[in-house]
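Here is the structure we will look at, set down as structure tokens.
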Amino acid sequence: MKMRYFTAAMLVVAGVFLASGQPAVAGHAHHGHDGAAESPVAAPADAVEYPDCVHCGMDRVKFAHSRMLIVYQDGEKVATCSIRCVALDLKTKKNKPVASFQVGDFTNGTLIDAEKAHWVIGGDRRGVMTKTPKWAFADKDAAEAFFARHGGTPATFAEALKAATDEL
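What follows is the structure, given as structure tokens:
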């Protein structure tokens, strides 16, 4: 009888835990991501279709604000957790023509054109998969507000990609 009550109590606790939306395992310690900024947004469609980074296996829903999607000219799509894994993919596929780069807007996780985004390199917010963080914003004012609050350097996509490539 006591075991039945214990089991019922554990099921209630597990249900409350799952309903809270908290991850079963905190952080991404085995990748060095404890303390990295996590996305506060709902799962975007591309992150549902491609839930894990092809290079490191990181959860693209959890890191929706830094995830990227490369579309090569031959139609191949490569879904990554961050610009670091984009740099790795480009390094392994030298000279393969790219049709587009999309990145999650840091503010809301919406995919935006990475080449038109306003980037911030550095600052006091911990990055995803890189020593030096690189964040993209659709809105220039949002990028400037982030820069004013957290530091860093305004940049272009080319500059952010070069910085990520240099860290490989």
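Here the sequence shown stands for residues -26 to -1, 1 to 142, where the numbers follow mature numbering (1 follows the signal peptide of the UniProt record, and there is no 0). Glycine included, each C-beta is placed from N, C-alpha and C at the ideal position.
Buried/exposed call for residue i, threshold 16 Cβ in 10 Å
i: Leu142; result: exposed
i: Ala134; result: buried
i: Pro18; result: buried
i: Asp140; result: exposed
i: Pro(-4); result: For Pro(-4), the predicted model reports a pLDDT of 39, less than 50, meaning its position is unreliable; a value from the coordinates is still stated below. Exposed.
i: Asp115; result: exposed
i: Asp33; result: buried
i: Asp98; result: exposed
i: Val77; result: buried
Residue i - DSSP class collapsed to helix/strand/coil
i: Val35; result: coil
i: His29; result: coil
i: Val60; result: helix
Beta carbon of residue i nearer than 8 Å to that of residue j
i: Phe120; j: Phe80; result: yes
i: residue 147; j: Pro71; result: Outside the modelled stretch of the chain, which goes from -26 to 142, sits residue 147, for which no answer is possible.
i: Ala38; j: Ala21; result: yes
i: Phe131; j: Ala73; result: no
i: Ala138; j: Thr104; result: yes
Integer-rounded CB distance, given that residue j should sit under 8 Å from residue i
i: Thr127; j: Ile86; result: No, Thr127 and Ile86 are not in contact; Cβ-Cβ is about 20 Å, not under 8 Å.
Beta strand (DSSP E) segment containing residue i, residue limits
i: Ala75; result: The amino acid at residue 75 is misidentified as Ala; the sequence shows Phe. That run of the beta strand (DSSP E) goes Val72 to Gly78.
i: Asp98; result: That residue, Asp98, is in no beta strand (DSSP E); it is neither H nor E in DSSP.
i: Asp87; result: Leu85 to Asp87
i: Lys51; result: Lys51 to Thr54
i: Ala129; result: Thr127 to Ala129
Alpha helix (DSSP H) segment containing residue i, residue limits
i: Leu43; result: No alpha helix (DSSP H) contains Leu43, which is instead part of the beta strand (DSSP E) from Met42 to Tyr46.
i: Asp20; result: Ala19 to Glu23
i: Ala112; result: Per DSSP, Ala112 belongs to no alpha helix (DSSP H) and is neither H nor E.
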